[in-house]
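Accompanying notes for the structure given below.
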Amino acid sequence: KGNCYDNAVVESFFHSLKTELVFQRIFLTRTEAKNCIFEYIEIFYNRQRRHSTLNYLTPSEFENTRLKLVA
136 KGNCYDNAVV
146 ESFFHSLKTE
156 LVFQRIFLTR
166 TEAKNCIFEY
176 IEIFYNRQRR
186 HSTLNYLTPS
196 EFENTRLKLV
206 A
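Structural data, given as structure tokens:
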């Protein structure tokens with residue numbers, strides 16, 4: 136039987152995607168939508184967006200902080 140927390144991370148991601156991108160614009164073609172969503176995920180969400188689980192740092196800021204602690 137499923138656990139109520141099984142999809143929490145994915146649901147949180149899709150909420151962010153819809154709120155920050157999809158509901159903010161009208162896509163004229165499927166290709167435009169695919170390109171914008173790809174760019175959102177690969178460039179903004181994964182690299183520039185501040186994440187609460189990373190103490191509100193961007194992934195690169197978090198990585199740099201951790202590398203300084205290890206060095």
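Every position in the sequence shown, counted from 1, becomes a number in the numbering used here once 135 is added.
Backbone N, C-alpha and C fix where the C-beta goes; we use that ideal spot for every residue, glycine too.
So, with DSSP's three-state summary, where would you put residue i?
i, result
"L152", "helix"
"L163", "coil"
Leaving aside the five residues before and after residue i along the sequence, list all residues of the same chain whose C-beta is less than 8 Å from its C-beta, in chain order.
i, result
"T193", "R182, Q183, R184, R185 and H186"
"R165", "none"
Among the options, whose alpha-carbon lies nearest the alpha-carbon of residue i?
i, options, result
"L152", "Y175, T164, N142 and F162", "Y175"
"E177", "N190, R201, F148 and F158", "F148"
"V144", "T188, Q159 and F162", "T188"
"L156", "D141, Y180, T166 and N142", "Y180"
DSSP puts residue i in a beta bridge; with which residues?
i, result
"L204", "Its beta-bridge partners do not exist; DSSP assigns none."
Between which residues of its own chain and residue i is the CB-CB distance below 7 Å, once the five residues before and five after are set aside?
i, result
"S195", "R182"
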